[in-house]
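Working notes, structure below.
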Amino acid sequence: MSETAKFILDGETYEFPVTTGSENEKGIDISKLRGQSGYVTLDPGYKNTGATESAITFLDGEKGILSYRGYSIEELAEKSTFLEVAYLLIEGELPNKEQLEDFNENIRKHTLVAEDMRKFYQAFPHHAHPMGVLGSLVNSLSSFYPESQDPNRSEDAVDLTIYRLIAKVPTLAAWSHKNAQRHPVVYPKNELNYSENFLQMMFSVPSEDYKIDPVVAKALDLLFILHADHEQNCSASTVRIVGSSQANLYASISAGISALWGPLHGGANQAVIEMLENIKNDGGDVTKYLDKAKDKNDPFRLMGFGHRVYKNFDPRARIIKKACDDVLDALGIDDPVLDIAKKLEKAALEDQYFVDRKLYPNVDFYSGIIYRAIGIPTEMFTVMFAIGRLPGWIAQWKEMIETKQPIGRPRQIYTGANARNYVELSKR
Ligand code: ACO
84 MSETAKFILD GETYEFPVTT GSENEKGIDI SKLRGQSGYV TLDPGYKNTG
134 ATESAITFLD GEKGILSYRG YSIEELAEKS TFLEVAYLLI EGELPNKEQL
184 EDFNENIRKH TLVAEDMRKF YQAFPHHAHP MGVLGSLVNS LSSFYPESQD
234 PNRSEDAVDL TIYRLIAKVP TLAAWSHKNA QRHPVVYPKN ELNYSENFLQ
284 MMFSVPSEDY KIDPVVAKAL DLLFILHADH EQNCSASTVR IVGSSQANLY
334 ASISAGISAL WGPLHGGANQ AVIEMLENIK NDGGDVTKYL DKAKDKNDPF
384 RLMGFGHRVY KNFDPRARII KKACDDVLDA LGIDDPVLDI AKKLEKAALE
434 DQYFVDRKLY PNVDFYSGII YRAIGIPTEM FTVMFAIGRL PGWIAQWKEM
484 IETKQPIGRP RQIYTGANAR NYVELSKR
């Protein structure tokens, strides 16, 4: 007999089915609760709410496990490339050689953006945050491809939008950096691979030759893989909820970029490096900052620490920490901020406050140090995260459309004033 959950409300018993996932995760399906009983569930921040069934990414926060489509993040990080992982997330299976070549080719063909889009950059001030620029420009892509307005078009038409997005987002991102410097934009070079192409658009200048360092390109590809998806996080849920209104994919991804920008989510990578710099400039006393993080009257939080789902090591943080050492070694960089980060991590992991709350370093704790080592400016860190997360957002959106999810529309418990009579302005 299948498992059910019983709720007793006002003396009445209601029975609801239990859904079991492929990794034995269990959820009570309360979709008929309100219809039958008049009650809704209340769960601020959706801490305990499964918004969907999904076959894309599995994570076990207690055990520190993360896998994409069944493949462990450790193995993918070691053996695959970012575009292979993008294919896996979006299509559900690892590509064979021919499928990967086709996928690569389809993306390569679309790396240029309409020349008219360059004019948008002139309207942004040089100090515009590149996340704001990227979100706006991704949304505006929809105006260049009006046929993309209908998310239920043929599979080929949807694929075209997907290729365009994966191809153009790095171009738009690199151009936002060039715009901040008031330098001429650099066009994509399609003989390069995805990460190399991004690096040359970011760093080459007309006045000198730019040589791509393979260590840097590989590190970037690894970071993109580690960021590629993370199930129903704030930005992926945003993409799904915007897409559930049948808004087009460009608009949905642009909303995801906005959600990612916040320092409690993807914006943490910028906040971490700023925090580590502050600690260094303040004499390097990590205990002082741990005390601040523990003080409930102080708004300071240890950025890059803690996670809604991981109550153990974030497996991505382990991989990034190791990569951080390797990349800095290979590039011959000695970054004092890395020493501060390691001291801070050690002290936090031994501190009762962090132990009790199961707060561990997350993906963002060490990623900024690598980005910095490979020359990415701090305000571009979250943009790097967005490029990496793009296939995950697309996969989440595609699954939501293909499984015909209803429009996302939570309920509330109203706590405002009861019905009252309007008072004329002259009498107030
Ligand atoms: N520093 C100090 N205390 C913390 C931290 C932190 N970084 N994170 C959580 N806590 C404490 C909270 O104060 C709370 O303590 P309490 O029980 O005494 O009230 C307890 O740990 C639980 O924290 P919540 O905020 O309830 O946990 P939640 O799941 O809502 O938040 C979050 C998770 C937002 C990631 C949080 O840990 C945080 O703010 N971390 C710093 C920002 C960060 O690194 N974000 C990146 C996350 S990874 C990503 O999105 C890519």
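So the sequence shown is numbered by the working numbering: it starts at 84 and just counts up by one.
Think of the CB as a built atom: it goes at the ideal place given N, C-alpha and C, for glycine as much as any other residue.
As the structure is a prediction and not an experimental result, all values here were calculated from the model.
Exercise. Roughly how many whole angstroms lie between the Cα atoms of lysine 377 and aspartate 439?
Worked result: Start at 1 with the first residue of the sequence shown, and residue 377 comes out as number 294. Start at 1 with the first residue of the sequence shown, and residue 439 comes out as number 356. Per the coordinates, the alpha-carbon of lysine 377 lies some 12 angstroms from the alpha-carbon of aspartate 439.
Exercise. Enumerated in chain order, which unbroken segments of the alpha helix (DSSP H) with a length of 4 residues or greater are wholly contained in the region 450 to 503?
Worked result: Scanning the region 450 to 503 from its first residue to its last, the whole alpha helix (DSSP H) runs of 4-plus residues come out as 464 to 485.
Exercise. Is the beta carbon of leucine 347 within less than 7 angstroms of some heavy atom of the ligand ACO?
Worked result: As a first step, residue 347 must be located in the sequence shown, where it is residue number 264. Yes - the ligand ACO has a heavy atom lying nearer than 7 angstroms to the Cβ of leucine 347.
Exercise. Mind checking whether leucine 217 and leucine 255 have CB atoms under 8 angstroms apart?
Worked result: Within the sequence shown, numbered from 1, the residue matching residue 217 stands at position 134. Within the sequence shown, numbered from 1, the residue matching residue 255 stands at position 172. Contact: yes.
Exercise. Relative to the ligand ACO, is the shortest distance from any of its heavy atoms to the C-beta of phenylalanine 388 smaller than 7 angstroms?
Worked result: Here residue 388 corresponds to residue number 305 of the sequence shown, with the count starting at 1. Relative to the non-hydrogen atoms of the ligand ACO, the Cβ of phenylalanine 388 comes within a distance shorter than 7 angstroms of at least one.
For this session: State the Cα-Cα distance for the pair isoleucine 490 and serine 85, rounded to the nearest angstrom.
Result: Locating residue 490 in the sequence shown gives position 407, counting from the first residue. Locating residue 85 in the sequence shown gives position 2, counting from the first residue. Computed Cα separation, rounded: 28 angstroms.
Exercise. Going along the chain, which unbroken runs of the alpha helix (DSSP H) with 4 or more residues stay wholly within the region 284 to 320?
Worked result: 297 to 310
For this session: Could you round the C-beta distance between valine 221 and isoleucine 336 to whole angstroms and report it? I think they count as a contact, below 8 angstroms.
Result: In the sequence shown, residue 221 corresponds to position 138, counting from 1. In the sequence shown, residue 336 corresponds to position 253, counting from 1. Rounded, the Cβ-Cβ distance is 6 angstroms, consistent with contact.
Problem set entry | Residues that DSSP places opposite leucine 142 in a beta bridge | Taking the first residue of the sequence shown as position 1, residue 142 is located at position 59. Paired residues: Leu149.
Exercise. Considering glutamate 95, what are the terminal residues of the beta strand (DSSP E) in which it resides?
Worked result: As a working mapping, residue 95 is identified with position 12 in the sequence shown. It spans 95 to 103 - the beta strand (DSSP E) in which glutamate 95 sits, taken as one unbroken run.
Problem set entry | Segment contact flag, the region 477 to 491 with the region 133 to 150, C-beta cutoff 8 angstroms, min 3 pairs | yes
Exercise. How would you write the range of the alpha helix (DSSP H) that alanine 400 sits in, first residue to last?
Worked result: Translated into the one-based positions of the sequence shown, residue 400 becomes position 317. Unbroken alpha helix (DSSP H) run through alanine 400: 398 to 414.
Problem set entry | proline 289 classed as buried or exposed, judged by whether at least 16 other C-beta atoms fall within 10 angstroms | To locate residue 289, count along the sequence shown from 1; it is residue 206. Proline 289 is exposed by the Cβ-count criterion.
Exercise. Quick one: is the Cβ of asparagine 445 within less than 7 angstroms of any heavy atom of the ligand ACO?
Worked result: Numbered from 1 along the sequence shown, position 362 holds the residue referred to as residue 445. At least one heavy atom of the ligand ACO is nearer than 7 angstroms to the Cβ of asparagine 445, so yes.
Problem set entry | Enclosing beta strand (DSSP E) for isoleucine 113 [first to last residue] | As a position in the sequence shown, residue 113 is number 30, starting the count at 1. Boundaries cannot be given for isoleucine 113, as no beta strand (DSSP E) includes it and DSSP labels it neither H nor E.
Problem set entry | For leucine 248, the nearest candidate out of Leu224, Asn262, Arg236, Ser318 (CA to CA) | As a position in the sequence shown, residue 248 is number 165, starting the count at 1. It is Leu224.
For this session: Taking only runs that begin and end inside the region 322 to 360, name each unbroken alpha helix (DSSP H) of 4 or more residues, in chain order.
Result: 332 to 344, all fully within the region 322 to 360.
Problem set entry | C-alpha distance - methionine 214 paired with valine 298, whole-angstrom precision | One-based indexing of the sequence shown puts residue 214 at position 131. One-based indexing of the sequence shown puts residue 298 at position 215. Methionine 214 and valine 298: Cα-Cα distance of roughly 26 angstroms.
For this session: Look at arginine 152 and glycine 175 and say whether their C-beta atoms are less than 8 angstroms apart.
Result: Here residue 152 refers to the residue found at position 69 of the sequence shown. Here residue 175 refers to the residue found at position 92 of the sequence shown. For arginine 152 and glycine 175, yes; Cβs fall inside 8 angstroms.
For this session: Output yes or no for whether 8 angstroms exceeds the beta carbon distance between alanine 160 and leucine 309.
Result: Translated into positions along the sequence shown, residue 160 becomes position 77. Translated into positions along the sequence shown, residue 309 becomes position 226. Yes, these two residues count as a Cβ contact at 8 angstroms.
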